[in-house]
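Residue numbers 790 to 1065, in our numbering, belong to the letters of the sequence shown in order.
One structure below.
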Amino acid sequence: MYKIGIFDSGVGGLTVLKEIQDVVPSSHIIYYGDNGNAPYGDKTEVEIKELCLKIGDFLYENEVDVIVIACNTATAASIKAMKNKFPIPVIGVIEPGIRAALEVTQNKNIGVILTPASAKMGAYKNVFDVIAPKTYSLTEKGCKLICPMIENGWEDYYGNYLTDEIIKLYIEQISSEIDTLILGCTHYPIVEKNIAKYFKKKIVNPANETVNELLKEFSMIKPKNVINNDAKVEFIVSGDSKKFIDFAEKFLGEKIENIYELDLHKKDKELFYNVI
Ligand code: DGL
């Protein structure tokens, strides 16, 4: 059985976890939600990379077979450094997102909504310029308010009024030329139905293609831990576990029991959590 390490700045990576669970139900997943440091989208590239490498150390020390960076901002800031540092596959969400959009677009004009930090790093643009044919174009739109709203659990407030207003604000700024919109932050699929009210063309969630990439890696590596056949998900959060549980139970539709609070960024030496 494969042991998969997944991380995000908070609850956004659950949108990727859900896809992974659907496709690889018999796996042992360690999910690290760095909600004590969310949002990553307001941090600098250097700060984000440092946080990610610590999380990578933690997952690697806990013997995962593969690390999935279930966060676009973290992928942009750290995937090169993570791949250099850890001798196991490291998968991000950006390249899969672009590949999926290239398949779907009809007029070759792709848009991506993402966090301010991702936009500042040119998270999608940098990869797009390398992998997309020159006749395709990509436009990035940084959205400061969507991720913090979800991380604070406000997306249902006033019957979605707040969510709709915030999303409308950003979608109205997107050119009508764009026929395909990538959800370039793993928090955004949580409010996809609200986004779909204002963007009526194709919407791409990079999570699906990310899972395909994971399956490709699995075809090339053997699990380190062949005896363990106890499929489970363990959640570790750096901040408020109560808030995380409330959201995760609602989103995943199951009881969250294996959850631990561990702020890796404060406790330098403590790389292992206690499995009860
Ligand atoms: N889920 C993260 C992403 O995909 C959100 C980052 C944040 O914490 O701002 O970019």
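We put the beta carbon where it would ideally sit given N, CA and C, even for glycine.
Note that this is a predicted model, so its numbers are computed, not measured.
Less than 8 Å between the C-beta atoms of residue i and residue j, yes or no?
| i | j | result |
| --- | --- | --- |
| residue 987 | residue 956 | yes |
| residue 916 | residue 884 | yes |
| residue 829 | residue 863 | yes |
| residue 794 | residue 848 | yes |
| residue 731 | residue 850 | Residue 731 is absent from the structure shown; the chain starts at 790 and stops at 1065. |
| residue 887 | residue 920 | yes |
| residue 893 | residue 993 | yes |
| residue 1004 | residue 812 | yes |
| residue 819 | residue 806 | no |
| residue 903 | residue 940 | no |
| residue 1028 | residue 802 | no |
Here's a check: name, in chain order, each residue in its chain whose Cβ is nearer than 7 Å to the Cβ of residue i, leaving out the five neighbours to either side.
| i | result |
| --- | --- |
| residue 949 | 983 |
| residue 852 | 792, 1013, 1014 |
| residue 868 | 858, 879, 881 |
| residue 844 | 796, 821, 823, 1053 |
| residue 1045 | 1024, 1034, 1037, 1038 |
| residue 944 | 938, 952, 979, 980 |
| residue 832 | 906 |
| residue 875 | 845, 849, 856 |
For ligand 1, I want to know if residue i counts as a neighbour, meaning its beta carbon is within less than 7 Å of at least one of the ligand's heavy atoms.
| i | result |
| --- | --- |
| residue 976 | yes |
| residue 904 | yes |
| residue 907 | yes |
| residue 947 | no |
| residue 1052 | no |
| residue 928 | no |
| residue 827 | yes |
| residue 797 | yes |
Report all residues from its chain with a CB closer than 6 Å to the CB of residue i; omit the five preceding and five following residues, and keep chain order.
| i | result |
| --- | --- |
| residue 910 | 834, 865 |
| residue 879 | 856, 871, 872 |
| residue 899 | 890, 927, 969 |
| residue 804 | 975, 978, 996 |
| residue 932 | 902, 959 |
| residue 1078 | There is no way to answer for residue 1078, as the model of the chain reaches only from 790 to 1065. |
Continuous alpha helix (DSSP H) assignments of at least 4 residues falling wholly in the stretch 831-875: 834-850, 861-874
Those runs of the beta strand (DSSP E) which lie wholly inside the stretch 945-1002 and span at least 3 residues: 969-972, 991-993
4 or more residues per run - each alpha helix (DSSP H) lying fully within the stretch 868-946: 883-893, 905-910, 912-920, 935-940
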